[in-house]
Amino acid sequence: MTLSCYCLKQINGLILDNNSEKQGVNEPELRLAFINYITSDSQIMKASAIANHENSFQSTGLDSDGKKFILTDGTFKISGTEETIQIMNCVRDNGDKSFFYPEETFKKKIALHFTMGYLKGDIATLTKQYVSVPFVIGRNGLIYNLFASKYWSYHLGKTAVGGNTPMSKECVGIEISNIGPLKLIGNNLVTTYSDTDVYCTTAETEFYTRLNSKYRGYDYYATYTNAQYEAIGKLIKFLCAKYNIPKNFLFEPDRYEIMTEPGFKNFSGIVTHVNCRTDKTDIGPAFEWEKVINMVNSLEIRQVLA
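With the first letter of the sequence shown counted as 1, position 142 gets the number 141 in the numbering used here; the numbers rise by one all the way through.
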């Protein structure tokens, strides 16, 4: 496939900007990483194979780069409730912590992303180059914790409203394992990485959503699983209680649009990548927001304007 400038700088849905904030990431490294990413056996697969792919990571702890992780399951109480949450601690076997900054920062937002990849590649990408988030949620609903959420790493990008550094510090990032936008070619839905990378067929309706109108250039998107929605809701609830973050959600259609700089800086609550970047598609209207909002707020749904 032709590697556009955008594709060269996009690996797994995360923009790795060539600037000093990214610790020397350069274009040749990005080109090689991108080519390795889209040609990896663990990345080119059909939706029906994802369950086995995720089970493999859970049993071996090996990401798509062959890096080994120690996985330890834990149960945590959600403060102020009788609920608990299962979180899988996921740390490098060699103790590597170079992908985040062990600096405690004040948290006032939770930022949702999708990975534009599959779990082994997601973990591989998020444990290099100081571009990461504390949490990754697999399609089976397992929550992987890469580092303590009180710390931070870059995850919004150089062009983020409000600035990459200050906003990344105050946003707890959550990556949802999901291939993202899809393209229709014949009876197949293919990924944005390659027209030959078939994700599913049009008959496999459980794996995709077709929007009534295009969102940021695409009308087909990969679906999320019920297990993911449940995990997202619980994790938001857990983090809101832990950091005293208000359970505020944006109104439709504001939740699908970029916010003003003062609006984004001053907002406390739950946002997504599209609220601070015009070149992102995570997370748009293919996401069933009401499932998460109802779970987070129980009987009361509080929404606020941008």
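Glycine included, every Cβ here is placed at the ideal spot set by N, Cα and C.
This structure is a prediction, so every number in the text was calculated from the model and none was measured.
I'd like the list of long-range same chain contacts for residue i, defined as Cβ closer than 7 Å, with 5 residues on each side in sequence excluded.
i: residue 296; result: 246
Count the other CB atoms, across all protein chains shown, that sit within 10 Å of the CB of residue i; report buried if there are 16 or more and exposed otherwise.
i: residue 83; result: exposed
i: residue 50; result: exposed
i: residue 138; result: buried
i: residue 65; result: exposed
i: residue 136; result: buried
i: residue 106; result: buried
i: residue 58; result: exposed
i: residue 204; result: exposed
i: residue 156; result: buried
i: residue 300; result: Low confidence applies to residue 300: its pLDDT is 39, below 50, so where it sits in the model is not reliable, and the reading given next is rough at best. Classification of residue 300: exposed, given that the 10 Å Cβ count is below 16.
Below 8 Å CB to CB, which residues in the same chain sit around residue i once its five sequence neighbours on both sides are set aside?
i: residue 202; result: 186
i: residue 159; result: 166, 167, 275, 276
i: residue 104; result: 149, 150, 151, 168, 169
i: residue 291; result: 228, 231, 232, 235
i: residue 96; result: 146
i: residue 52; result: 41, 44, 117, 118, 119
i: residue 200; result: 186, 187, 188
On the premise that residue j lies in contact with residue i, defined as a C-beta separation below 8 Å, what is that separation, rounded to the nearest angstrom?
i: residue 310; j: residue 285; result: Residue 310 cannot be examined here, being either before or after the span of the chain that is shown, 0 to 305.
i: residue 133; j: residue 145; result: 6 Å
With a threshold of 6 Å on Cβ separation, who are the neighbours of residue i within its own chain once the five nearest residues in sequence on each side are excluded?
i: residue 78; result: 240
i: residue 180; result: 191, 217, 220, 280
i: residue 90; result: 69
i: residue 143; result: 87, 89, 135
i: residue 263; result: 160, 161, 275
Give a yes or no on whether the C-beta atoms belonging to residue i and residue j are separated by under 8 Å.
i: residue 171; j: residue 238; result: yes
i: residue 198; j: residue 188; result: yes
i: residue 222; j: residue 206; result: yes
i: residue 267; j: residue 244; result: yes
i: residue 214; j: residue 153; result: no
i: residue 111; j: residue 271; result: yes
What I want to know is whether the C-beta of residue i ends up closer than 7 Å to one or more non-hydrogen atoms of the ligand NAP.
i: residue 231; result: Of the ligands one can find in the structure shown there are none, so the ligand NAP has no counterpart to examine.
Tell me the start and end of each unbroken beta strand (DSSP E) in the stretch 134 to 193 that is at least 3 residues and wholly inside, in chain order. Within the stretch 134 to 193, the complete beta strand (DSSP E) segments of 3 residues or longer fall at 134 to 136, 142 to 144, 170 to 175, 180 to 184, 187 to 190, listed in chain order.
Please list the segments of the alpha helix (DSSP H) lying wholly inside the stretch 35 to 114, counting only runs of 4 or more residues, in order along the chain. The qualifying runs are 49 to 59.
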